[in-house]
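Engineer: First to last, the protein sequences are chains W, C and R.
Residues 1 to 339, numbered by the numbering used here, are exactly what the first sequence covers, in order.
Residues 1 to 325, numbered by the numbering used here, are exactly what the second sequence covers, in order.
Residues 1 to 299, numbered by the numbering used here, are exactly what the third sequence covers, in order.
No residue lacks a Cβ here, since even glycine has one placed at the ideal position from N, Cα and C.
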Amino acid sequence: MDAPLLSVKDVSIAYKVGALDIVAVSNARFDVPQGSIVGLVGESGCGKTTMARALTRVIADNARIKAGQMQFAGQDIVSLSEKDMNSLRWRDIAFIPQSAMNSLDPVYRVEYQIVEVLRDRGGLSKSAARKRAVELFEMVGIDPGRLRDFPHQFSGGMRQRAAIALALALEPKLVVADEPVTALDVIIQRQILDQLRSLQRELGLSVIMVTHDISVVAYICDRTVVMYAGKVVEDCDTATLLNEPLHPYTMGLKNAFPDLHSAGTGILTPIAGSPPDLANPPPGCRFAARCPFATDQCRVEEPMLTEDAPGHFVACHRAVEAAALREEAKQPGTWGTAA
Amino acid sequence: MNSLKPLLIRTLQLALVLWAVVTILFLMFRLMPGSPLAAYIDPTFTEEQQEALIRQFGLDKPLWQQYFTYLVNLLKGELGYSFRYRAPVAERIWLLLPNTLILTFSSLIVAYVFGILAGAWLAWRRGSRVEVAALPVVLATRAMPEFWLGMVLLAIFSFSLGWFPAGGTRSAGTEYSSLWALYTSADFLSHLALPMLTLAIYSQGLPLLLMRSNMLDVMKEDFVTMAKVKGLSSYAVVVRHGARNALLPVVTSFAIAVGYQLQGNVVVESVFSWPGLGRELVAAVLASDYPLAQGAFLMIAIVVIAMNLIADLLYTFLDPRISHA
Amino acid sequence: MPETVADTHESGVARIFAAIRLPVGDPFALAGLVIYAVFIVTAICAPYIAPYDPSEILYTADYDLASDLPPGAKGHLLGTTSLGRDIFSQIVWGARSALLVGFTAAFMVAFIGSIVGLLAGYFGGWVDAVLMRLADVAFGIPFLPFVIVISAFSEPSIWNTVIAMGLVLWRDTGRVIRSQVLSLRSRGYVEAARVVGSSDLKIILRHITPNILPLSFLYGSIAIGWAILTEASISFLGFGDPDAISWGFMLQDAFASQALARQAYYWFIPPGLAIILVVSAGFFISRGYENLLFPKLGR
Chain W
1 MDAPLLSVKD VSIAYKVGAL DIVAVSNARF DVPQGSIVGL VGESGCGKTT
51 MARALTRVIA DNARIKAGQM QFAGQDIVSL SEKDMNSLRW RDIAFIPQSA
101 MNSLDPVYRV EYQIVEVLRD RGGLSKSAAR KRAVELFEMV GIDPGRLRDF
151 PHQFSGGMRQ RAAIALALAL EPKLVVADEP VTALDVIIQR QILDQLRSLQ
201 RELGLSVIMV THDISVVAYI CDRTVVMYAG KVVEDCDTAT LLNEPLHPYT
251 MGLKNAFPDL HSAGTGILTP IAGSPPDLAN PPPGCRFAAR CPFATDQCRV
301 EEPMLTEDAP GHFVACHRAV EAAALREEAK QPGTWGTAA
Chain C
1 MNSLKPLLIR TLQLALVLWA VVTILFLMFR LMPGSPLAAY IDPTFTEEQQ
51 EALIRQFGLD KPLWQQYFTY LVNLLKGELG YSFRYRAPVA ERIWLLLPNT
101 LILTFSSLIV AYVFGILAGA WLAWRRGSRV EVAALPVVLA TRAMPEFWLG
151 MVLLAIFSFS LGWFPAGGTR SAGTEYSSLW ALYTSADFLS HLALPMLTLA
201 IYSQGLPLLL MRSNMLDVMK EDFVTMAKVK GLSSYAVVVR HGARNALLPV
251 VTSFAIAVGY QLQGNVVVES VFSWPGLGRE LVAAVLASDY PLAQGAFLMI
301 AIVVIAMNLI ADLLYTFLDP RISHA
Chain R
1 MPETVADTHE SGVARIFAAI RLPVGDPFAL AGLVIYAVFI VTAICAPYIA
51 PYDPSEILYT ADYDLASDLP PGAKGHLLGT TSLGRDIFSQ IVWGARSALL
101 VGFTAAFMVA FIGSIVGLLA GYFGGWVDAV LMRLADVAFG IPFLPFVIVI
151 SAFSEPSIWN TVIAMGLVLW RDTGRVIRSQ VLSLRSRGYV EAARVVGSSD
201 LKIILRHITP NILPLSFLYG SIAIGWAILT EASISFLGFG DPDAISWGFM
251 LQDAFASQAL ARQAYYWFIP PGLAIILVVS AGFFISRGYE NLLFPKLGR
């Protein structure tokens with residue numbers, strides 16, 4: 001197997017809020033293999049967006065990468081100089097934001113914003129950049145005649161496509177997509193995911209897909225990393241994750257979302273309770289308070305992320321009993337009582 | 001284009017406002033106690049002479065008739081006859097308006113260029129010691145009486161250092177072939193310097209504070225973050241995307257500021273004996289020359305209202321979200 | 001980031017208390033409050049603080065007119081005017097006029113503006129249309145010229161100046177309060193009160209007014225500054241109350257007496273600084289309010 005394009009090792013990221021240090025991501029570890037789509041999934045506040053943004057090193061003023069490495073094509077993003085990092089941005093790592101409405105500058109035409117990045121970062125001439133902008137629009141399925149529009153004149157789906165066109169402008173190796181379809185309705189969601197999938201195959205891209213929606217993961221991702229309260233709790237190929245999850249949180253998450261493929265026949269069961277306070281995380285497993293299978297050990301001893309089967313990582317003390325737990329997790333009553 | 005309709009409505013509304021202001025002005029000057037002619041009726045005049053004068057100014061007619069005549073005259077551009085100058089008010093006003101406009105616009109342009117740059121810079125240096133020290137100073141310039149600032153500058157730069165003349169628009173005995181020659185002469189500009197600086201120092205606070213707070217808001221927007229993620233230069237991030245967006249409301253405020261400035265001019269023109277509308281208004285009121293006072297007031301009101309409209313127009317045309325709706 | 005969504009009604013009540021208790025947590029606002037405290041005490045105790053009658057013409061021990069004395073000379077802390085009046089005593093008494101004008105005008109502005117905003121926002125329809133066109137008219141009136149004309153044509157008194165200011169300056173407060181009322185009106189608890197049949201008066205007094213009071217205070221504290229500055233301009237131009245010693249009057253006196261040409265800085269600097277101090281105190285407090293009411297804005 002080739003070396004992964006991106007290898008995140010023990011990364012911790014903290015926000016300073018007043019005197020408190022809120023560790024939004026702690027000891028995250030996962031790989032993104034060359035040419036694959038990796039999902040980063042979890043509830044809001046689990047640290048997935050912080051993790052994704054850290055890959056560009058454009059993070060909030062009060063946030064800091066405290067530890068770890070992010071090996072990307074032979075360089076460590078964490079320790080790169082600002083100058084080297086900046087030359088990496090967009091040329092190698094591009095970003096598709098959640099809300100393209102807010103991430104496109106309202107006072108410039110869309111064409112200007114594509115041309116800007118092609119000229120400033122890609123070194124293209126003005127005319128070459130304009131030609132490339134037309135190509136990009138055709139590639140993502142927008143009429144190039146709309147290039148001269150302002151962002152607010154686009155529909156939600158078009159804006160998101162324009163954001164994809166913008167991300168692909170410099171043919172990056174890695175595209176980080178932060179909830180790229182969350183704001184759209186289900187039909188448009190599928191169109192855009194299909195498009196992203198075919199472009200990814202065509203261009204041999206690697207994609208990190210950040211989402212809270214396990215059905216999006218199921219639809220498009222090759223591998224999936226599940227995060228909970230700043231920690232990676234499970235990481236394996238998507239088919240295995242969906243069919244034979246090892247972590248109780250993954251089992252619960254699966255119950256909580258409808259399937260994007262089929263009209264869901266099962267009843268949706270949310271996981272009761274809420275994630276722990278990251279300023280003051282509990283000892284032991286962070287999911288223990290909401291886990292229907294938690295034992296005394298879970299509440300005091302923190303489970304480490306270990307490779308349970310080749311390519312299947314999980315952080316759970318009861319991973320060996322997973323098959324039995326899965327059966328139990330299918331009973332709706334299991335999740336309602338957790339406090 | 002459907003963006004024109006609200007503008008049309010706005011224009012009509014402001015035309016109504018103008019009419020209301022004109023009416024208030026009429027009532028203000030007619031309903032005040034004492035005859036408006038009191039200052040000009042010599043006690044030695046005979047009864048007949050006094051009545052002749054009153055008839056001459058139409059003051060013997062009923063109020064509604066006076067009002068009607070007044071409106072008709074206004075529409076014809078006639079503002080009446082100044083008691084003091086024994087000349088048409090309009091003539092006097094057209095003579096003074098350029099001086100007031102030059103003073104207003106030159107000071108505001110200086111204030112806005114400085115305020116926008118300094119405001120953006122302070123936003124950039126947010127939380128620094130410079131910012132912490134600068135904010136109270138800026139607020140204090142807004143708290144200054146303009147005429148006092150003028151007095152201080154006058155005492156220092158004119159009376160003490162002798163760098164600039166103490167008042168007026170030109171030195172005694174100078175003649176210019178045209179108004180243009182006057183306005184571009186070094187003599188005129190040195191007379192302009194102190195009143196212009198006074199108004200500029202007073203006015204820079206508004207664009208500065210506005211620019212700073214807009215900039216702070218805009219820099220938190222997603223599209224600015226994305227500009228950084230794209231690896232664009234700091235110039236592109238701060239100026240092209242940050243400042244360009246933060247500038248919108250500041251530019252719009254320029255028109256409003258012209259209106260406010262015109263009112264502030266009243267005192268500063270008086271301090272520097274600048275022959276403008278404001279000083280004329282004060283002098284006319286003091287001398288009970290009510291047609292002239294009314295004319296000057298009206299001219300100032302027209303500019304204020306026009307600027308309110310221009311502010312709306314600017315806002316509409318500068319923001320593509322509205323102009324390309 | 002976790003966001004706390006406060007219950008609006010609860011926080012409304014809490015906000016009034018916070019507003020009335022004044023934003024002492026903010027360093028700017030605290031400075032403003034301290035300045036106000038000093039000036040209020042000065043204004044109240046003026047007769048005890050001022051060593052002389054501010055309008056009395058003073059003579060030196062050897063019966064010369066005590067005119068144009070520099071600061072410190074012969075027991076005059078800030079010197080004397082050309083007519084032999086004690087500048088320090090004038091500054092102290094000037095605080096009275098300033099605070100009187102400032103607070104009454106601010107009260108008028110906040111009061112008229114809040115009533116207009118409440119009526120326009122709550123009743124909407126033609127009430128709103130009429131009141132907002134009136135606000136447009138007020139915006140079309142050049143403020144200072146208006147106050148000058150009213151002050152000149154009526155009996156010269158502080159009150160006429162204050163009334164003239166109130167007649168125009170309510171416009172900003174009115175508009176802001178109106179939009180606040182509009183958003184309050186659509187909130188759940190107001191709808192609920194209407195559904196259960198509460199009277200308009202009761203809804204306005206119980207549910208809406210408490211929520212707009214802090215805004216009224218905010219605009220009131222800005223108006224204090226405007227009023228003091230305007231009164232100073234009016235006095236400086238010679239339309240002020242001749243019986244009241246105000247800082248604007250002092251500056252007019254200094255200007256007319258050639259204090260500038262004679263470099264008598266001790267005469268015209270102190271009244272200006274006094275105005276700046278009090279007016280910026282108002283601005284500082286309003287900033288504090290703003291940070292309190294709209295934490296997102298400002299810093």
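Give a yes or no on whether 8 Å exceeds the smallest Cβ distance from Met-211 of chain C to chain W.
Structural biologist: no
Engineer: Suppose you measure from the CA of Ala-218 of chain W to the CA of Thr-238 of chain W; what does that come to, to the nearest Å?
Structural biologist: 7 Å
Engineer: How many Å lie between Ser-177 of chain C and Leu-100 of chain R at the Cα?
Structural biologist: 53 Å
Engineer: Would you mind reading off the limits of the beta strand (DSSP E) that contains Tyr-108 of chain W?
Structural biologist: That residue, Tyr-108 of chain W, is in no beta strand (DSSP E); it is neither H nor E in DSSP.
Engineer: Any heavy atom of the ligand ZN closer than 7 Å to the CB of Ser-190 of chain C?
Structural biologist: This structure lacks the ligand ZN, and indeed carries no ligand of any kind.
Engineer: According to DSSP, is Arg-89 of chain W part of a helix, a strand, or is it coil?
Structural biologist: strand
Engineer: Please state the DSSP three-state secondary structure of Glu-280 of chain C.
Structural biologist: helix
Engineer: Would you please verify whether the beta carbon of Gly-264 of chain W is less than 8 Å from any beta carbon of chain C?
Structural biologist: The predicted model places Gly-264 of chain W with a pLDDT of 48, which falls under 50 and marks its position as unreliable, so this point remains unresolved.
Engineer: Output, in chain order, the set of chain C residues within a Cβ distance shorter than 8 Å of Tyr-219 of chain R.
Structural biologist: Here the premise fails: no neighbours, minimum Cβ distance about 16 Å.
Engineer: Roughly how many angstroms separate the alpha carbons of Pro-207 of chain C and Leu-79 of chain C, rounded to a whole number?
Structural biologist: 36 Å
Engineer: Excluding the five sequence neighbours on either side, which residues of its own chain have a C-beta within less than 6 Å of the C-beta of Gly-122 of chain W, listed in chain order?
Structural biologist: Closer than 6 Å at Cβ, skipping near neighbours: Leu-170.
Engineer: Tell me whether Gln-69 of chain W sits in a helix, a strand or coil according to DSSP, three-state version.
Structural biologist: strand
Engineer: Could you pull out every residue in the same chain whose Cβ sits closer than 6 Å to the Cβ of Tyr-36 of chain R, ignoring the five residues on either side in sequence?
Structural biologist: Excluding sequence positions up to five before and after Tyr-36 of chain R, its CB lies within less than 6 Å of the CB of Ala-281, all in the same chain and listed in chain order.
Engineer: Which first and last residues belong to the alpha helix (DSSP H) in which His-191 of chain C is found?
Structural biologist: 186–203
Engineer: From which residue to which residue does the alpha helix (DSSP H) around Phe-68 of chain C run?
Structural biologist: 63–75
Engineer: For Ala-263 of chain W, collect the residues of the same chain with a Cβ closer than 6 Å to its Cβ; drop the 5 residues on either side in sequence, then sort them by chain order.
Structural biologist: With a pLDDT of only 48 at Ala-263 of chain W, under the threshold of 50, the placement of this residue in the model should not be trusted; the figure read from the coordinates follows. Cβ neighbours of Ala-263 of chain W beyond the five flanking positions: none.
Engineer: Excluding the 5 residues flanking Glu-221 of chain C on each side, which residues of the same chain have their C-beta closer than 8 Å to its C-beta?
Structural biologist: Asn-245
Engineer: Between the beta-carbon of Ile-201 of chain C and the beta-carbon of Leu-18 of chain C, is there less than 8 Å?
Structural biologist: no
Engineer: So, for Leu-83 of chain R: in the same chain, excluding its five sequence neighbours on each side, which residues have a beta-carbon less than 7 Å away from its beta-carbon?
Structural biologist: These residues qualify, in order along the chain: Ile-57, Ser-67.
Engineer: Check whether the stretch 163–183 of chain R and the stretch 139–152 of chain R touch, using three or more Cβ-Cβ pairs below 8 Å as the test.
Structural biologist: yes
Engineer: Assuming Val-278 of chain R and Ile-228 of chain R are in contact, meaning their beta carbons sit under 8 Å apart, how far apart are those beta carbons, in whole angstroms?
Structural biologist: 6 Å
Engineer: I need the boundaries of the beta strand (DSSP E) containing Asp-60 of chain C, first residue and last residue.
Structural biologist: Secondary structure note for Asp-60 of chain C: it is in no beta strand (DSSP E), with a DSSP letter that is neither H nor E.
Engineer: Would you list, in sequence order, the uninterrupted alpha helix (DSSP H) runs of no fewer than 4 residues that lie entirely inside the stretch 121–193 of chain R?
Structural biologist: 125–140, 143–153, 158–185
Engineer: Which parts of the stretch 140–228 of chain W are runs of the beta strand (DSSP E), unbroken and 3 residues or longer, counting only runs that do not cross its ends?
Structural biologist: 174–178, 206–211, 223–228
Engineer: Give a yes or no on whether the minimum CB-CB distance between Ala-246 of chain C and chain W is below 8 Å.
Structural biologist: Not closer than 8 Å to any Cβ of chain W, the Cβ of Ala-246 of chain C fails to qualify, so no.
Engineer: To the nearest angstrom, how far is the alpha carbon of Arg-85 of chain R from that of Leu-237 of chain R?
Structural biologist: If you take the alpha carbons of Arg-85 of chain R and Leu-237 of chain R, they lie about 21 Å apart.
Engineer: What residue range is occupied by the uninterrupted beta strand (DSSP E) comprising Asn-27 of chain W?
Structural biologist: 20–32
Engineer: Just the Cα atoms here: how many angstroms apart are Leu-201 of chain R and Leu-134 of chain R?
Structural biologist: 23 Å
Engineer: State the beta-bridge partners of Pro-88 of chain C as determined by DSSP.
Structural biologist: According to DSSP, which records beta bridges pairwise, Pro-88 of chain C is partnered with C:Tyr-81.
Engineer: Thinking C-alpha only, which one of C:Ser-106, C:Gly-150, C:Pro-136 is nearest Leu-189 of chain C?
Structural biologist: C:Ser-106
Engineer: Measure the CB-CB distance between Asp-31 of chain W and Pro-4 of chain W and report whether it falls below 8 Å.
Structural biologist: yes
Engineer: Express the C-alpha separation of Ala-274 of chain R and Gly-32 of chain R in angstroms, rounding to a whole number.
Structural biologist: 13 Å
Engineer: Taking the alpha-carbon positions, what's the Gln-261 of chain C to Met-299 of chain C distance?
Structural biologist: 14 Å
Engineer: Is there a Cβ of chain C sitting closer than 8 Å to that of Arg-89 of chain W, yes or no?
Structural biologist: yes
Engineer: Look at the alpha carbon of Leu-122 of chain C and the alpha carbon of Val-224 of chain C, and state the distance between them as a whole number of angstroms.
Structural biologist: 18 Å
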